[in-house]
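Just so you know, we're using this note's numbering here: the sequence shown kicks off at 1 and counts up by one.
These notes are about the structure you will find just below.
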Amino acid sequence: MDNQSLWQSIYQNLDAHHYLLAINDLKKIYKDDPSLKVNQILVKTLFNNGDYLAAKEYLLERINDYQNSEEDFKLMINIFKFNHNFVQAQIIINSIRNKSFKLDVQNDFNHFQADYKSENDELINKLENDLFHIGGKKLSNQQIIITESMNLPVSNYFDGAQGALLDPFLYPAIRFNILDILRELQINQSINIKWIDKKAHSINPIDLLPLAKTKSAVNIFSIINSMFGQQSPIVFQNMLKTFSLFLAYLYPFNDDVITDYSRWVEVAYQLQIGNQIDLHHCDEDYRLIYEWQLRLLKMVDSIK
1 MDNQSLWQSI YQNLDAHHYL LAINDLKKIY KDDPSLKVNQ ILVKTLFNNG DYLAAKEYLL
61 ERINDYQNSE EDFKLMINIF KFNHNFVQAQ IIINSIRNKS FKLDVQNDFN HFQADYKSEN
121 DELINKLEND LFHIGGKKLS NQQIIITESM NLPVSNYFDG AQGALLDPFL YPAIRFNILD
181 ILRELQINQS INIKWIDKKA HSINPIDLLP LAKTKSAVNI FSIINSMFGQ QSPIVFQNML
241 KTFSLFLAYL YPFNDDVITD YSRWVEVAYQ LQIGNQIDLH HCDEDYRLIY EWQLRLLKMV
301 DSIK
């Protein structure tokens, strides 16, 4: 059957609500023509057929293209919603600029969450409790819990996250992940977190910057790029990896710790190439940077 005949069959099946037949033909076309048009028709048809997981998989291939119209935006949110990816759905809703449209979508989402909570109390309590008590588990188990927690209603995610962030045994990378999600959720409430100094600190997620936009990240990566980007590609990649971890581990106080950007890069480079640093000939600030980096490297090595 040629494409013209396939499309004719697809539209006939869509009109008759024979979604499965239309889906089979759409998948054949999509293999050779993964265009936005085919993707959108396939995603919408999968959704109408109740195949929400498959709809999400195809949606993710072109997710940026689903933010250009209210109809596509609603479809995208509904797909995350019906997959019970409540946290991701709320983050997407937060990005809507049209206030009346945003209010309409938010109200619908709130009703859906409320219905889900009334029918899935046992599962929600388990996922929230797992997140709350995430510390002390192996990193692989913490990662699984983080993934599963994205299916919590937003208020339950927030409650579980608060407990997790106070756990001194939470891996720094997991703490960063949770903080970044709370930032994207635009949580506007002071909370306490245990940082790598094992002390409690009060922060408000809505005040946090994305890591890439913090002063230390912008300046550090700029220096790394200018020093190694063209001259030493391998060193460049290693330094990027090292500082991506350092910055995430120090978040949200990385700008307080990293203030002398050039020296931080210099010390990291010397450590990377294995040079011995004679601390007797260094000033106090240099020694402090060196101690910080040794501490961070030990934390990185401890989870390998």
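The beta carbon of each residue, even a glycine, is placed where N, CA and C say it ideally should be.
Predicted model only: the values in this text are computed from it and were never measured.
Counting only residues of its own chain and dropping the five nearest sequence neighbours on each side, Met150 has a CB closer than 7 Å to the CB of Asn85, Val87 and Gln88. Taken atom to atom, the span from the alpha-carbon of Leu6 to that of Lys99 is near 41 Å. Judged by beta-carbon spacing, Asn225 lies beyond the 8 Å limit of Tyr261, meaning their Cβ atoms are not closer than that value.
For the pair Gln142 and Met76, the Cα-to-Cα distance works out to about 28 Å.
Taken atom to atom, the span from the alpha-carbon of Asn3 to that of Gly163 is near 55 Å. Leu42 is a Cβ neighbour of Ile23, given a cutoff of 8 Å. Counting C-beta atoms within 10 angstroms of its own C-beta, Ile93 has 16 or more neighbours from the protein chains shown and is therefore classed as buried.
The alpha helix (DSSP H) runs of length 4 or more contained entirely in the stretch 15 to 76 are, from start to end of the chain, 19 to 32, 36 to 48 and 52 to 61. In summary, Asp25 is buried, with 16 or more beta-carbon neighbours lying within 10 Å of its beta-carbon over all protein chains present. Using a C-beta cut-off of 8 Å, the stretch 257 to 275 makes contact with the stretch 238 to 246, since at least three inter-stretch Cβ pairs fall below that distance. Your pair Lys137 and Pro168 does not check out as a contact, with CB atoms roughly 13 Å apart and the cut at 8 Å. For Met239, the closest C-alpha among the options Leu46, Ser222, Pro252 and Leu170 is that of Ser222.
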